[in-house]
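The sequence shown begins at 143 in the working numbering and counts up one residue at a time.
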Amino acid sequence: MFWRLFAINGLLFAIGTAILAASPATVSSPVLVTELPVLLVGLLLILVATAVLLRLSLAPLGELTSAMRRADLPGGGPRLAEGSGGDLRELVRSFNSMLDRLAAEHDDTAARALAAQEGERQRISRELHDEIGQSLTVALLSLRRVADRAPDALRPDIAGAQDAVRASLDDVREVAHRLRPGVLSDLGLRSALTALATEFAHSSGLAVERTVDADLPALPDEVELVVFRVAQEALTNVARHARASRAELTCTAVPGSVTLRVADDGRGGGHVAGAGIRGMRERARLIGATLSIEAGPAGGTEVRLVVPVEEG
Numbered sequence: 143m144f145w146r147l148f149a150i151n152g153l154l155f156a157i158g159t160a161i162l163a164a165s166p167a168t169v170s171s172p173v174l175v176t177e178l179p180v181l182l183v184g185l186l187l188i189l190v191a192t193a194v195l196l197r198l199s200l201a202p203l204g205e206l207t208s209a210m211r212r213a214d215l216p217g218g219g220p221r222l223a224e225g226s227g228g229d230l231r232e233l234v235r236s237f238n239s240m241l242d243r244l245a246a247e248h249d250d251t252a253a254r255a256l257a258a259q260e261g262e263r264q265r266i267s268r269e270l271h272d273e274i275g276q277s278l279t280v281a282l283l284s285l286r287r288v289a290d291r292a293p294d295a296l297r298p299d300i301a302g303a304q305d306a307v308r309a310s311l312d313d314v315r316e317v318a319h320r321l322r323p324g325v326l327s328d329l330g331l332r333s334a335l336t337a338l339a340t341e342f343a344h345s346s347g348l349a350v351e352r353t354v355d356a357d358l359p360a361l362p363d364e365v366e367l368v369v370f371r372v373a374q375e376a377l378t379n380v381a382r383h384a385r386a387s388r389a390e391l392t393c394t395a396v397p398g399s400v401t402l403r404v405a406d407d408g409r410g411g412g413h414v415a416g417a418g419i420r421g422m423r424e425r426a427r428l429i430g431a432t433l434s435i436e437a438g439p440a441g442g443t444e445v446r447l448v449v450p451v452e453e454g
């Protein structure tokens, strides 16, 4: 950059000196009033030429500044064209390389975080099922034995306690199942989505219309888990925020992609990027999928996840 600016200024002064030397114009000492316009015009031409050349040389800095302001993880935003960098090409190339490196590190960190999250969910699910679930089962059996020997006056109270323990046991099993969808690893994505829609309809009281293709292509385990988690989070958002009366869950396949769609007839409105939506976006990005959250054609909200699938 230093040598570029030095060369520009040196060239302009050399050209100005050559023009003055070859022209019939002379400068008296002291300078005459009639010679001042010639000097001012020459100075103005040099300044204009310097400004134009410097503006062209430093233009990539403006683009680089704008790109820095727009850059945001994940992705880092659009990359600058290296061909437009001129003498700043190496700086532009370094900036693009920095964005690529930051995006790669962000993806790696997000993948590790999500993997740790899934591992923690499995651990908690096992503890709920194996420890708390078994403890509640033992308590339920103990109450049953007590009820058999208890006087008639205490049996209604014992029956109420049994119902409470039985309800807690069902809640624990449901939470454990949500944390670790065993049906996904045992029976595959289609069965897992079907079971998810059925359980959601039962727990929320909403009518759920589900359509899952019978011939979904085989997907890697991590991709199936992302599709399942996005469907789970989208349905959870419907129950919490949509105030809907019905929901739709569809998963269809076309050559080259699998599309998951979760829609509702709720109030719709702004979609604030909370932890759930950010988690869905992170998961989608890690498998190269496209996630969109938009207003549905008939109102409500539509979540659409498009997963690319390699042919064969």
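Cβ atoms here follow ideal geometry from the backbone N, Cα and C, with glycine treated the same way.
Keep in mind it's a predicted model, so treat the numbers as computed, not measured.
Query, Result
"V404 and V445 - do their beta-carbons sit closer together than 7 Å?", "yes"
"Would R425 and V368 qualify as a contact pair, given that the criterion is a beta-carbon distance under 7 Å?", "yes"
"Alpha carbon to alpha carbon, what distance is there between G302 and T432?", "50 Å"
"CA-CA distance, L153 and L206?", "27 Å"
"For R136, does the three-state DSSP call read helix, strand or coil?", "Residue numbering for the chain in the displayed model covers 143 to 454; residue 136 lies beyond these limits and cannot be assessed."
"Give the single residue among L203, G410 and E390 whose Cα lies nearest to the Cα of A384.", "G410"
"Below 8 Å, can you find three or more Cβ-Cβ pairs linking the segment 273 to 293 to the segment 229 to 245?", "no"
"State buried or exposed for M240, treating a residue as buried only when at least 16 other CB atoms are found within 10 Å of its CB.", "exposed"
"Do G442 and G408 count as a contact pair if the criterion is CB distance below 7 Å?", "yes"
"Can you say whether R382 is buried or exposed, counting buried as having 16 or more other CB atoms within 10 angstroms of its CB?", "exposed"
"Pairing CB atoms from the segment 321 to 331 with CB atoms from the segment 305 to 313, are three or more of them under 8 Å?", "no"
"Mind checking which residues open and close the beta strand (DSSP E) that includes A289?", "Note, A289: premise wrong, no beta strand (DSSP E); alpha helix (DSSP H) at G275 to R291."
"Exposed or buried, which one is R420 when buried takes at least 16 other CB atoms within 10 Å?", "exposed"
"Quick one: any contact between the segment 260 to 273 and the segment 325 to 341, if contact means 3 or more CB pairs under 8 Å?", "no"
"Can you find the residues in the same chain that come closer than 6 Å, C-beta to C-beta, to D357, ignoring five residues on each side of it along the sequence?", "none"
"Nearest by alpha-carbon distance to L282: which of R265, D305 and L428 is it?", "D305"
"Taking only beta-carbon positions, decide if T340 is within less than 7 Å of chain E.", "The displayed structure is made up of one protein chain only, and chain E is not part of it."
"On the DSSP bridge assignment, give the partners of G441 in chain order.", "P439"
"For V380, which residues from the same chain have a beta carbon less than 6 Å from its beta carbon, with the 5 sequence-adjacent residues on both sides left out?", "A386, A389 and D406"
"Under a three-way DSSP split, which group does L367 fall into?", "helix"
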